[in-house]
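Working notes, beginning with the structure itself.
2 protein chains.
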Amino acid sequence: MAGRRSVVEASNTRQSILSCAADMASVEGLEGVTVGRLATSLNMSKAGAIGHFGNKLELQLATLDFAAEVFRKEVWQPAEHVTAGMPRLLAICASWMEYADRPAFPGGCFIAAASFEFDSRPGPVHDALAAHMRRWHAQLVADAKTAVEAGDLPASTDVEQIAFGLEALAARVTPNRQLYGDERAAEHARDSMLNLLGQRTRSSSSLA
Amino acid sequence: MAGRRSVVEASNTRQSILSCAADMASVEGLEGVTVGRLATSLNMSKAGAIGHFGNKLELQLATLDFAAEVFRKEVWQPAEHVTAGMPRLLAICASWMEYADRPAFPGGCFIAAASFEFDSRPGPVHDALAAHMRRWHAQLVADAKTAVEAGDLPASTDVEQIAFGLEALAARVTPNRQLYGDERAAEHARDSMLNLLGQRTRSSSSLA
DNA sequence: CCTACCGATCGGTAGG
DNA sequence: CCTACCGATCGGTAGG
Chain A
3 MAGRRSVVEA SNTRQSILSC AADMASVEGL EGVTVGRLAT SLNMSKAGAI GHFGNKLELQ
63 LATLDFAAEV FRKEVWQPAE HVTAGMPRLL AICASWMEYA DRPAFPGGCF IAAASFEFDS
123 RPGPVHDALA AHMRRWHAQL VADAKTAVEA GDLPASTDVE QIAFGLEALA ARVTPNRQLY
183 GDERAAEHAR DSMLNLLGQR TRSSSSLA
Chain B
3 MAGRRSVVEA SNTRQSILSC AADMASVEGL EGVTVGRLAT SLNMSKAGAI GHFGNKLELQ
63 LATLDFAAEV FRKEVWQPAE HVTAGMPRLL AICASWMEYA DRPAFPGGCF IAAASFEFDS
123 RPGPVHDALA AHMRRWHAQL VADAKTAVEA GDLPASTDVE QIAFGLEALA ARVTPNRQLY
183 GDERAAEHAR DSMLNLLGQR TRSSSSLA
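Here the protein sequences line up with chains A and B, keeping their order.
Just so you know, the first sequence maps onto residues 3 to 210 in my numbering.
Just so you know, the second sequence maps onto residues 3 to 210 in my numbering.
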């Protein structure tokens, strides 16, 4: 083993560490990832694992960014080039629910879990998470506004309420499936989303 | 200070410990409550604080039950004697959103946070939490069924979807308020709930 | 990226 | 309900 590695190897190692940290954090929380167990799980020394980041806070921030990038690629990127407004809202809901149904991390959606872990804990992780979520929230609000202007949502629509509703429904998929074994959680979320968007099709009850 | 206390005093102490533990857990998670900091916060010794429960797991289970009882009293009890079906669903949503808007614990709704902390962590806390939530879920489903039978919801209604949607919307109030300062989170949740229940009143936008 | 180490805190217990 | 203590693990660092 051992010795210093090349820049490329170091970058690969860094990604491996972040992937492992994100997996652990999705199950035990971002605060629950300890340097010791992370290193053991990677077959590395503690100094080797944490050295790429400096300290635990920086590791947490890097892990959050890693998971946020996965989330962006899986949920937002597929809908990026869809027509703004209702078409894009529906595309986002579709990719979001596919992701919620088959999450990239063993403990389920990382972002949803982190938003409950750090909502009442001030600090850099809270702030970084809020910044990510504000961007996504603004995107939902913008598309809802466009949908109103296009006449796809009633003029009386509260676009903030729409965004809130979609976020709430998406986040609940993991806990409801994992807590009381509701295998249809993503389907319920999807149907409720369509309901909030006025696309009430109670019969179209299959995913994908 | 010190010395053993009477049964009544011990019971009071026990409640004080649980109240303090629930406050801490609502902010830092149930796993984040350490015996040492709990004791310090209570001006007690570690042995004094944990002695009432035996070990940390038993403390966690007792804290969960404590918070669940607060939740039951605040959310379910006010609606207990309301007519089953849609009237009771609306009453539950009302008390639920009042509670979400003014939660009993500094970190917000304890139950919602715990359901994200323990959804992917097997063990006694997961199981106890799931048991509580299953009871509440069954209550929502039962009232939704009654509402369908009474004609207050369409015959095609998926009652599981209704329960899922209400749970999702209620749980999201705390994180959205605390992460990006949405003071209208409870209001958005309430309006979305009414939407899911077919009581779409986009103009009635004031709480309580 | 490793070994070897630091002080602090963890959950828990013996004994009073 | 306290003091005093246990081994284990925490985050972090020096030095190579």
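From the three backbone atoms N, C-alpha and C, an ideal C-beta is built for every residue, glycine too.
Computed from a prediction, not measured in an experiment: that's the story for all the values here.
Asked                                                                                                                                                                                              : Found
Measure the alpha-carbon distance for A/D129 versus B/A86 and round it to whole angstroms.                                                                                                         : 43 Å
Is it the case that the segment 132 to 144 of chain B contacts the segment 130 to 150 of chain A, given that we only count it when at least three CB pairs across the two stretches are under 8 Å? : no
With distances taken between CB atoms, is the gap from A/A64 to A/L20 smaller than 7 Å?                                                                                                            : yes
Output, in chain order, the set of chain A residues within a Cβ distance shorter than 7 Å of B/P177.                                                                                               : S117, F118 and D121
Is the Cβ of B/D25 closer than 7 Å to any Cβ of chain A?                                                                                                                                           : no
Our contact map puts B/L32 next to B/L66 with C-beta atoms below 8 Å; I'd like the distance itself, whole angstroms only.                                                                          : 7 Å
Would you be able to state if there are at least three C-beta pairs under 8 Å between the segment 193 to 201 of chain A and the segment 156 to 166 of chain B?                                     : yes
What separation, rounded to the nearest whole angstrom, lies between the Cα atoms of B/S117 and B/A173?                                                                                            : 9 Å
Hey, out of A/Q201, A/K75, A/H83 and A/A133, whose CA is closest to A/P156's CA?                                                                                                                   : A/Q201
Within this structure, are the beta carbons of B/D184 and B/P108 separated by less than 7 Å?                                                                                                       : no
Here's a check: name, in chain order, each residue in its chain whose Cβ is nearer than 7 Å to the Cβ of A/W98, leaving out the five neighbours to either side.                                    : V77 and A172
Would you decide whether B/E11 is buried or exposed? Buried here means 16 or more other CB atoms lie within 10 Å of its CB.                                                                        : exposed
Alpha carbons only, please: which of A/F112, A/M46, A/V37 and A/M88 is nearest the one belonging to A/R74?                                                                                         : A/F112
Between which two residues does the alpha helix (DSSP H) containing B/A96 stretch?                                                                                                                 : M88 to D103
For the candidate residues B/Q79, B/S8 and B/A106, whose alpha-carbon lies nearest to that of B/A93?                                                                                               : B/Q79
Can the beta-carbon of B/V127 be found less than 7 Å from the beta-carbon of B/Q180?                                                                                                               : no
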